[in-house]
Structures are given as C-alpha cells and as structure tokens.
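Novice:
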Amino acid sequence: MRLRPLVLLCLLASPANALTFQTRLERVQWQVEGDQFECRLTQPIAGFGSGEFVRRAGEQAVFRLHSP
Numbered sequence: 123m124r125l126r127p128l129v130l131l132c133l134l135a136s137p138a139n140a141l142t143f144q145t146r147l148e149r150v151q152w153q154v155e156g157d158q159f160e161c162r163l164t165q166p167i168a169g170f171g172s173g174e175f176v177r178r179a180g181e182q183a184v185f186r187l188h189s190p
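Our numbering puts the sequence shown at residues 123 to 190.
See below:
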C-alpha cells in the first residue's frame, strides 16, 4: 500500500526543461585578450551572453558564463 503514493508521484512528476544556447559554427567569433599576467578567450553566445576561458599566470584555466 505504501508503494502506491510513490508510483503516483513518479507518474505525475514533470520532466526538467532544458534550454540550449549555441552559436552557429559559421558565426563563431572567438575574441582574444591578454598580457603576461592573464589571457582571455571569449565567445559571444546568441540569446544568452558570453562564455570565456580565463587563465592567469601560474593558475589553471577557468571557464565562465556571463549573462546580461
């Protein structure tokens, strides 16, 4: 009898909605900025903002997403 509420909950649970943001391959425009202390590789993402790889001297590269 305890299984019935769990089964109902599983059947009524809605799936998570995911959105995909991407830039078409022919429109890719990586922008590079840097000096001896930091290097940035930035890609605008249509309808979202931008993504960038940042590497500071002596550190690992980090990926960041920015939205307006």
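Ideal Cβ positions, reconstructed from N, Cα and C, are used throughout, including at glycine.
Can you tell which of L163, A179, G180, E181 has its C-alpha closest to the C-alpha of G173?
Specialist: In the sequence shown, the residue the question calls residue 173 occupies position 51. Residue L163 is the option with its Cα nearest to G173.
Novice: Cutting at 8 Å between CB atoms, please list the residues of its own chain near G156, excluding the five before and the five after it.
Specialist: Residue numbering aside, residue 156 sits at position 34 when the sequence shown is read from its first letter. Only R162 meet the Cβ criterion.
Novice: From G180 to R126, what does the alpha carbon distance come to, in whole angstroms?
Specialist: Indexing the sequence shown from 1 puts residue 180 at position 58. Indexing the sequence shown from 1 puts residue 126 at position 4. Cα to Cα, G180 sits roughly 57 Å from R126.
Novice: Grab me the residues of G166's own chain with a C-beta within less than 6 Å of its C-beta, minus the 5 sequence neighbours each way, in chain order.
Specialist: In the sequence shown, counting from the first residue as 1, residue 166 sits at position 44. The displayed chain sequence assigns Pro, not Gly, to residue 166. These residues qualify, in order along the chain: S172.
Novice: Report the partner residues of L163 according to the DSSP bridge assignment.
Specialist: On the sequence shown, residue 163 is found 41 positions in, with the first residue counted as 1. According to DSSP, L163 bridges with V154, F175.
Novice: Quick one: what does DSSP say L147 is sitting in, helix, strand or coil?
Specialist: Numbered from its first residue, the sequence shown carries residue 147 at position 25. L147: helix per DSSP, three-state reduction.
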